[in-house]
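*Asks:*
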Amino acid sequence: MNNFRFWSPTEFVFGKNTVKNVGTLLKKYGATNVLIHYGGASAIKSGLLCEVENILQNEFINYVKLGGVQPNPLDTMVYKGIELCRKENVDFILAIGGGSVIDSAKAIAAGTPYSGDFWNFFQGKVTINKALPVATVLTIPAAGSEGSPNMVILKEKEKLKKGHGNPLLRPVFSIMDPELTYTLPANQTAYGIADMMAHVMERYFTQTCDVETSDRLCEAILLAVIHEAPIVIDDPCNYSARANLMWASTLAHNGVCGMGREEDWATHGLEHELSALYGVAHGAGLAVMFPAWMQYVYTSGIDRFVQFATRVWGIEETGDKKETALKGIQALKDFFVSIGLPVNFEQLGAKKDDIDKLISTLQINSGGTLGNFRKLDMTDARAIYEIAAK
Ligand code: NZQ
Ligand code: ZN
150 MNNFRFWSPT
160 EFVFGKNTVK
170 NVGTLLKKYG
180 ATNVLIHYGG
190 ASAIKSGLLC
200 EVENILQNEF
210 INYVKLGGVQ
220 PNPLDTMVYK
230 GIELCRKENV
240 DFILAIGGGS
250 VIDSAKAIAA
260 GTPYSGDFWN
270 FFQGKVTINK
280 ALPVATVLTI
290 PAAGSEGSPN
300 MVILKEKEKL
310 KKGHGNPLLR
320 PVFSIMDPEL
330 TYTLPANQTA
340 YGIADMMAHV
350 MERYFTQTCD
360 VETSDRLCEA
370 ILLAVIHEAP
380 IVIDDPCNYS
390 ARANLMWAST
400 LAHNGVCGMG
410 REEDWATHGL
420 EHELSALYGV
430 AHGAGLAVMF
440 PAWMQYVYTS
450 GIDRFVQFAT
460 RVWGIEETGD
470 KKETALKGIQ
480 ALKDFFVSIG
490 LPVNFEQLGA
500 KKDDIDKLIS
510 TLQINSGGTL
520 GNFRKLDMTD
530 ARAIYEIAAK
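Using my numbering, you'd call the opening residue of the sequence shown number 150 and step up by one each time.
(1) Could you check if I375 belongs to the surroundings of the ligand NZQ, using beta carbon to heavy atom distance under 6 Å?
(2) Quick one: what's got a C-beta closer than 7 Å to A415's C-beta in the same chain, skipping five residues either side?
(3) Would you call the CB atoms of T288 and G247 closer than 7 Å?
(4) Is DSSP giving T261 helix, strand or coil here?
(5) Kindly indicate which three-state DSSP category E412 falls into: helix, strand or coil?
(6) List, from N- to C-terminal side, the beta strand (DSSP E) runs of 3 residues or more that fit wholly inside the region 286-324.
(7) Going by DSSP, what residues sit across from L186 in a beta bridge?
(8) For N223, does the three-state DSSP call read helix, strand or coil?
(9) A254 by DSSP, collapsed to three states: which one?
(10) Would the C-beta of D252 count as close to the ligand ZN, meaning under 6 Å from any of its heavy atoms?
(11) CA-CA distance, D240 and K306?
(12) So, with DSSP's three-state summary, where would you put F126?
(13) Roughly how many angstroms lie between the CA atoms of N269 and V275, to the nearest whole one?
(14) Report yes if the C-beta of D364 is less than 6 Å from at least one heavy atom of the ligand ZN; otherwise report no.
(15) Which runs of the alpha helix (DSSP H) fall wholly inside the region 457-523 and span at least 4 residues, in chain order?
(16) Alpha helix (DSSP H) containing E377: first to last residue?
(17) Which whole-angstrom value describes the C-beta separation of L497 and L423, a residue pair presumed to lie in contact below a C-beta threshold of 8 Å?
(18) Specify whether the region 250-263 and the region 350-367 touch according to this definition: at least 3 beta carbon pairs, one from each stretch, less than 8 Å apart.
(19) Please classify T338 as buried or exposed, where buried requires at least 16 other C-beta atoms within 10 Å of its C-beta.
(20) Looking only at its chain, what residues have a beta carbon closer than 7 Å to the beta carbon of P327, apart from the 5 residues adjacent to it on each side?
(21) Candidates Q219, L243, F271, E232: which alpha carbon is nearest L197's?
(22) Opposite L525 in the DSSP bridges: which residues?
(23) Are R523 and S449 touching if we call contact CB-CB under 7 Å?
(24) Whose C-beta lies closer than 6 Å to the C-beta of P316 among residues of the same chain, with five residues either side of it excluded?
(25) Please report the Cβ distance between R235 and E368, rounded to the nearest whole angstrom; I am assuming they are in contact, meaning their Cβ atoms lie under 8 Å.
(26) Does the region 500-510 come into contact with the region 455-474, if we say contact requires no fewer than three beta-carbon pairs (one atom in each stretch) closer than 8 Å?
(27) Here's the rule: buried if 16 or more other CB atoms are within 10 angstroms of the residue's CB, otherwise exposed. What is K501?
(28) Can you check DSSP and say which residues form a bridge with A335?
(29) Using the Cα positions of I342 and N166, report the straight-line distance between them to the nearest angstrom.
(30) Helix, strand or coil for F439? Go by DSSP, reduced to three states.
(31) Is the distance from the Cβ of K304 to the Cβ of D224 below 7 Å?
(32) If you draw a straight line from the alpha carbon of T285 to that of F271, how long is it in whole angstroms?
(33) Taking DSSP as the reference, what is the three-state secondary structure of E160?
(34) Look at the alpha carbon of A256 and the alpha carbon of E466, and state the distance between them as a whole number of angstroms.
(35) Tell me, please, whether the region 428-436 touches the region 404-413 by the rule of three or more beta-carbon pairs shorter than 8 Å.
(36) What does a CB cutoff of less than 7 Å around C386 pick up in its chain, not counting 5 residues either side in sequence?
Spelled out as structure tokens, the structure:
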């Protein structure tokens with residue numbers, strides 16, 4: 150196991166009716182002038198936005214609002230938010246929504262006190278050394294941004310989707326009420342499931358030895374998600390299943406699963422080009438790319454793939470490692486299909502003819518190499534896209 154530091158300061162307030170604590174929590178963390186940031190329609194339709202506004206008014210906390218964040222959040226919204234925060238002297242950002250809203254909030258939080266272009270952070274030109282505090286009311290378990298230091302923003306003009314992280318961007322608190330996720334349609338629920346599983350698998354597939362504790366932690370989260378997924382697809386208002394998935398999404402990506410081990414992240418790199426080019430949901434792209442990546446790299450660490458097949462999917466070892474590993478990959482694919490996820494380019498709406506375009510933006514974003522389980526160059530990336538396109 151490698152040396153590590155783990156710092157996860159977010160206060161998670163989890164369970165039914167926890168939104169009612171939002172005023173107290175904002176005061177506890179020093180908010181006096183809040184930007185409420187939200188998405189397209191769901192928070193308005195469900196009454197959640199109105200509920201939060203009423204609480205803030207009753208607690209005499211000033212606020213301004215900025216809605217309209219779209220999935221795969223845009224740089225143009227971030228610029229708008231930065232301008233508003235400066236004009237209104239905002240000192241705290243409350244994100245109501247999922248990964249897209251939270252990431253947009255994080256980018257605004259980092260960009261507001263910085264005099265240059267916030268995109269400089271994403272290009273690695275400057276380090277974030279100051280940010281407004283961010284908190285969340287989570288409405289979709291998926292990206293794990295409610296507990297992560299990361300943000301992913303799409304630069305609209307260039308179609309460049311890029312991630313960046315800094316510990317200052319970990320939310321100070323996150324309110325997680327599973328009942329808020331009852332309104333999620335089946336497809337969004339499934340995209341979230343694929344994303345949280347991907348966050349675990351990006352860490353699980355490592356060449357680092359002697360990491361039994363985090364191996365078992367990863368497997369436990371995957372097993373719980375695999376158990377709860379069909380329940381929630383059949384019965385969207387099943388509290389227990391919604392609650393378990395919601396907590397799983399946070400544990401999958403707050404960093405704990407990756408401690409002491411080298412992480413991979415090639416599949417996320419490959420996927421971001423798909424959501425940038427086609428506007429598809431991140432989780433849908435991952436469902437297509439993860440099995441394809443696995444098929445390409447499994448011989449570079451076959452024992453780990455055998456472990457994945459036997460411990461996560463209950464596949465019996467036949468003595469033929471290759472056969473067992475491939476059965477594990479097929480089991481993952483079958484599971485994705487069973488909850489309505491796409492598993493190839495055609496089902497995603499992607500085109501084989503666009504692989505050159507995907508590679509050209511991937512080259513810019515990755516600098517030409519990605520992943521750790523097996524180091525990949527652009528020839529490898531092309532081969533993986535071709536597997537997904539079959
Ligand atoms: O915009 P509204 O109307 O709110 O609708 C949203 C959106 O269309 C809807 N939704 C959310 N909560 C709902 C709901 N609909 C009904 N009922 C509810 N309770 O769901 C749609 C998707 O929302 P979005 O926020 O885009 O989903 P998600 O949480 O999957 O976030 C995806 C973004 O996160 C990034 C992805 O790349 C993508 O841009 N990621 C961020 C990470 C991070 N910050 O650590 C890590 C991830 O790997 C990921 O890359
Ligand atoms: Zn993800």
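Where a beta carbon is used, it is the ideal one built from N, C-alpha and C, also for glycine.
The structure presented is a predicted model; accordingly, all values stated were derived computationally and were not measured.
*Replies:* A quick look at the data gives this:
(1) no
(2) W442, L519, G520, L525
(3) yes
(4) If DSSP states are grouped into helix, strand and coil, T261 belongs with coil.
(5) coil
(6) You should have 299-304, 309-314.
(7) The identity of residue 186 in the sequence shown is His, whereas the question assumes Leu. BP columns for H186 point to L215, A244.
(8) Contrary to the premise, residue 223 reads as Leu rather than Asn in this sequence. Residue state, collapsed to three classes: strand.
(9) helix
(10) no
(11) 30 Å
(12) The requested residue 126 is not part of the displayed model; the chain covers only 150 to 539.
(13) 6 Å
(14) no
(15) 470-487, 494-497, 504-515
(16) 361-383
(17) 7 Å
(18) no
(19) By the 16-neighbour rule on beta-carbons within 10 angstroms, T338 is buried.
(20) Y388, R391, A392, M395
(21) L243
(22) L519
(23) Yes; because the gap between Cβ atoms is below 7 Å, this pair is in contact.
(24) P298
(25) With 8 Å as the limit, R235 and E368 do not qualify as a contact, their Cβ atoms being about 46 Å apart.
(26) no
(27) It counts as exposed.
(28) A335 pairs with nothing; no bridge assigned.
(29) 23 Å
(30) helix
(31) yes
(32) Roughly 22 Å between the two C-alpha positions.
(33) strand
(34) 47 Å
(35) no
(36) Excluding sequence neighbours, C386 sits near Y331.
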